[in-house]
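Residue numbers (my numbering): 113 to 337. All C-beta atoms, glycine included, are put in the ideal place defined by N, C-alpha and C. Presented below is the structure to which this report refers.
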């Protein structure tokens, strides 16, 4: 049992390192090479955990080799873009200029019903409302409506909206979140100064969010029952 626990922990840590180096994308957003690598790694990793007769190196070496191949293929695609059609898929227009691309649907084995389902999920009632629909390399559909059916933006309405930068958690569970402060260009000293200016103690807070403009939202702790 101790051996199984040790082998499981070792493979687990190795997989964490491997996936961390591969990036943050989810399974549904992986490129073809990334998906193949992920499937192979999951299969290889399970063998030494279930079978103690298999040496750990028989899993460690292939996993590291697959990681090297994935990093190398990503570098090659960046360095030599002409290889991309060979190792990766390309975006495919399914609707172009409001016209349905029937050959593209057939070559990608997508029915009109499936296309309609995707369009409805994005809030449009009919194909006639769509100007462009592109099947991306990760399998997702990007839909651009015709001007008459699109949501008007602030520029089209001649408005000058107030800037609303993203907020990040800068304090939570009694601790300063330095990563969140870094994302808004602030430091712990700034946070302490702001709390002091507002005459708020850290002990009374559940969490604090802030943005790069210095705007803060303070959420106090609920009283204990």
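A straight line joining the alpha-carbon of residue 312 with that of residue 292 spans about 20 Å.
The beta carbon of residue 300 sits closer than 8 Å to those of 288, 290, 293, all from its chain and outside the five residues before and after it, given in chain order. Annotated three-state conformation of residue 317 is strand, per DSSP. With the rule of 3 Cβ pairs closer than 8 Å, the stretch 151–167 does not count as touching the stretch 183–190. The residue among 152, 203, 127 with its C-alpha nearest the C-alpha of residue 255 is 203.
When the Cα atoms are used, residue 304 and residue 276 turn out to be separated by approximately 23 Å.
Secondary structure at residue 159: helix, using DSSP grouped into helix, strand and coil. With respect to the 8 Å criterion, residue 207 and residue 214 are not classified as neighbours on the basis of their beta carbons. With distances taken between CA atoms, residue 240 lies nearest to 262 out of 148, 262, 336.
In the same chain as residue 268, and ignoring 5 residues on each side of it, no C-beta atom comes closer than 6 Å to its own. The continuous stretches of beta strand (DSSP E) do not include residue 334, and DSSP gives it neither H nor E. Residue environment analysis places residue 155 among the exposed positions, since fewer than 16 neighbouring C-beta atoms fall within 10 angstroms of its C-beta.
Residue 170: member of the alpha helix (DSSP H) spanning 169–191, first to last residue. Under the three-state reduction of DSSP output, residue 293 falls in the helix class.
Sorting 158, 223, 153 by C-alpha distance to the C-alpha of residue 180 places 153 at the top. Taking the C-beta atoms as reference points, residue 246 is found no nearer than 8 Å to residue 231. Between the C-alpha atoms of residue 298 and residue 334 there is a straight-line separation of about 27 Å.
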